[in-house]
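Colleague: First the structure, which I've put down as structure tokens, then a few questions once you've had a look.
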Amino acid sequence: MTLDLFSDPDGCVERLSLGPGASVLRGRALPHADALFAEVCALERHSPFRRMTTAGGHTMSMASTNCGSLGWISDRNGYHYGAIDPETRAPWPPMPALFAHLARDTALEAGFPEFEPDACLINRYLPGAKLSLHQDRDERDFGAPIVTVSLGMDAVFLFGGHVRADKTVRVPLRHGDVVVWGGEDRLRYHGVMAVPDHPHPLLGRQRISLTFRKAG
Ligand code: MD6
Ligand code: FE
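So the working numbering is basically just the index in the sequence shown, starting at one, shifted up by 4.
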């Protein structure tokens with residue numbers, strides 16, 4: 005099944021439910037998009053984007069960096085969270101207040117009060133980059149939701165079930181959209197299809213995602 009958020013004729017769709025604990029808040033970050041992107045540009049001067057390696061020795065197709073007290077890291081030893089950027093050997097830059105507020109507010113709107121993320125993974129997808137189906141299970145507490153903010157080029161988010169083979173829905177994500185998933189949907193498989201090359205007026209040929217989690 006394909007859920008097309010953007011074909012609603014009266015343009016009134018604000019929130020799409022993907023499950024009891026999973027919602028898309030369409031365009032929710034749009035008023036903040038310029039400021040969010042400016043923060044990403046400042047953050048990448050401190051901790052640059054890099055393409056991480058997987059335990060299997062593959063290079064991930066998107067480039068990543070982090071802000072907040074913990075950063076998500078993938079290397080030859082697998083996935084983990086750490087306070088130190090292995091490239092700069094310095095702590096990840098602090099999470100900008102705008103990021104923390106947006107994550108907390110959107111989690112609340114989606115039914116998860118008191119979300120206090122300590123980790124924000126920032127991914128940059130150039131045309132063709134993708135993320136295969138996976139679960140997010142490196143966090144200590146699955147009681148907190150995950151919030152993802154999309155900026156730049158359109159992408160298709162794949163949202164599956166609790167086993168990899170479950171059917172997935174294809175959710176188009178555009179600049180300013182926010183996805184929140186938690187509760188019984190917290191461990192659902194998800195991924196990002198190869199990003200098509202449709203340059204965005206503000207960001208050009210890239211998609212940036214901000215993924216907020218309570219990791220520690
Ligand atoms: C995204 N990222 O970049 C979604 N999950 O839009 C993820 O789902 C993700 O990049 C776990 C670890 C790294 C990731
Ligand atoms: Fe994930």
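Even glycine gets a Cβ: it sits at the ideal position worked out from N, Cα and C.
Are at least three pairs of beta-carbons, each pair with one atom in the segment 135–147 and one in the segment 97–115, less than 8 Å apart?
Modeller: No: fewer than three Cβ pairs fall under 8 Å.
Colleague: Taking Cβ positions, are TRP3 and TYR85 nearer each other than 8 Å?
Modeller: Residue coverage of the chain in this structure runs from 5 to 220, which leaves residue 3 outside it and unanswerable.
Colleague: In angstroms, rounded to a whole number, what distance separates the CA positions of ALA87 and PRO205?
Modeller: Taking the straight line from one Cα to the other gives about 34 Å.
Colleague: Could you tell me whether any non-hydrogen atom of the ligand MD6 is closer than 7 Å to the CB of ASN127?
Modeller: Answer for ASN127: yes, Cβ within range of the ligand MD6.
Colleague: For the alpha helix (DSSP H) containing ALA249, list its first residue and its last residue.
Modeller: Since the first and last residues shown for the chain are 5 and 220, residue 249 lies out of range.
Colleague: Around the C-beta of ARG217, are 16 or more other C-beta atoms found within 10 angstroms, so that it is buried, or is it exposed?
Modeller: Its Cβ being crowded by 16 or more others within 10 Å, ARG217 is buried.
Colleague: Based on Cα-Cα distance, which residue from ALA107, LYS171 and PHE146 lies nearest to HIS36?
Modeller: Closest by alpha carbon: ALA107.
Colleague: If you follow the beta strand (DSSP E) that LEU214 is in, where does it begin and where does it stop?
Modeller: Where LEU214 is concerned, the enclosing beta strand (DSSP E) stretches over 211–217.
Colleague: Is it true that the segment 180–191 meets the segment 150–157, where meeting means three or more beta-carbon pairs spaced less than 8 Å apart?
Modeller: Yes, they touch.
Colleague: So which residues put a beta carbon under 6 Å from any heavy atom of the ligand FE, going in chain order?
Modeller: Here the residues come out as HIS138, ASP140 and HIS194.
Colleague: Below 8 Å on the Cβ atoms is my guess for LEU177 versus PHE161; work out the distance and round it to an integer in Å.
Modeller: Sure, about 5 Å apart at Cβ, within 8 Å.
Colleague: Cα separation between THR57 and GLY72?
Modeller: The straight-line gap from Cα to Cα measures roughly 21 Å.
Colleague: Would you mind reading off the limits of the alpha helix (DSSP H) that contains ALA26?
Modeller: That residue, ALA26, is in no alpha helix (DSSP H); its beta strand (DSSP E) goes 26–29.
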